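Chemist:
Numbering (my numbering), first residue to last: 34 to 291.
#1: Using 8 Å for Cβ pairs, my map puts residue 284 next to residue 54. What's the rounded Cβ distance?
#2: Starting from residue 65, trace the beta strand (DSSP E) both ways and give me its first and last residue.
#3: If you drop the 5 nearest sequence neighbours on each side, which residues of the same chain put their C-beta closer than 8 Å to that of residue 89?
#4: When the Cα atoms are used, what is the spatial distance from residue 200 to residue 65?
#5: Using CA coordinates, which residue listed in 91, 86, 95 is at the minimum distance from residue 77?
#6: Look at the alpha carbon of residue 245 and the alpha carbon of residue 146, and state the distance between them as a whole number of angstroms.
#7: By DSSP's criteria, residue 138 is part of a beta bridge. Which residues make up the other side?
#8: Using DSSP's beta-bridge definition, name the partner residues of residue 202.
#9: Below 8 Å on the Cβ atoms is my contact criterion, and I expect residue 208 with residue 272 to pass it. Report the Cβ-Cβ distance as a whole number of Å.
#10: Where does residue 2 fall in DSSP's three states?
#11: Thinking C-beta only, is residue 124 closer than 8 Å to residue 247?
#12: Would you mind working out which of 48, 274, 210, 198 sits nearest residue 222, comparing C-alpha positions?
#13: Give me the Cα-Cα distance between residue 142 and residue 210, rounded to the nearest whole angstrom.
#14: Since residue 97 is in the beta strand (DSSP E), which residue starts that stretch and which ends it?
#15: Would residue 116 and residue 106 qualify as a contact pair, given that the criterion is a beta-carbon distance under 8 Å?
#16: What's the call for residue 261, buried or exposed, on a 16-neighbour Cβ count within 10 Å?
#17: Quick one, are the C-beta atoms of residue 113 and residue 288 less than 8 Å apart?
#18: Residue 279 by DSSP, collapsed to three states: which one?
#19: If you draw a straight line from the alpha carbon of residue 214 to that of residue 127, how long is it in whole angstroms?
#20: What are the boundary residues of the beta strand (DSSP E) that includes residue 219?
#21: Mind checking whether residue 269 and residue 135 have CB atoms under 8 Å apart?
#22: Throw me the rounded Cβ distance for the residue 111 and residue 68 pair, which I believe falls under 8 Å.
#23: So residue 118 is in the beta strand (DSSP E); what residue range does that whole segment cover?
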């Protein structure tokens, strides 16, 4: 975002959302449908984090459009009217995994993903996945309306959740080092399920690129968000604390009025 644009937004009393996000030193990527620096009206859905915390290039996290999700609103409108309309065959993906995303399913990984989404149909929609058919098992991670799961060479579930339909702010975190912790939040309320992850996997073989809003399974896309609106996605290379989850939730309140 240009210096002039930042000054203009500041003058009208609104700080850029990226400046309000928590754990800025750990930000890897931020995709915002309402920001013209992220979605210009054509091409890729671009990463707004200029220096990703994992050391990758900013453009390494630019997302390809899968089956062309429908953009609604005014390009660069910076309002609640800008979003991606999703179906079970649309989504977004990296052109190739970075070292960080290729290792997100591994037993020593640590990360948080967050979404601003409005779900119309409460089915087994998927927010992110690197699932692919491997020689021994699918590897990756997925979360849906009735489940959240890390899948490694052995495969293990992490516990169920019930986001439900409507407008929500979600986070989903894994800290798999030594004493694994899985957490999720719905609208700022952090939950730590009683069932902790287990198992080990250090393989990166055959992993599909990071996919948002859909599965990539056995060479094709399937089981995406059946009907909904996707406004923004954020990725960190750390597990957010309870206070940081609250900060993430509050960062979008000015735009969406909650």
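All C-beta atoms, glycine included, are put in the ideal place defined by N, C-alpha and C. As the structure is a computational prediction, the values presented were derived from the model and not from experiment.
Modeler: Well, looking at it:
#1: 5 Å
#2: 60 to 65
#3: 61, 131, 132, 133
#4: 16 Å
#5: 95
#6: 10 Å
#7: Looking at the DSSP assignment, residue 138 forms no beta bridge with any residue, so it has no partner.
#8: 149
#9: 4 Å
#10: The question about residue 2 has no answer, for the chain in this structure spans 34 to 291.
#11: Cβ distance < 8 Å, so residue 247 and residue 124 count as in contact.
#12: 274
#13: 7 Å
#14: 96 to 99
#15: yes
#16: buried
#17: yes
#18: helix
#19: 26 Å
#20: 214 to 219
#21: Not in contact: residue 269 and residue 135 (Cβ atoms no closer than 8 Å).
#22: 6 Å
#23: 116 to 120
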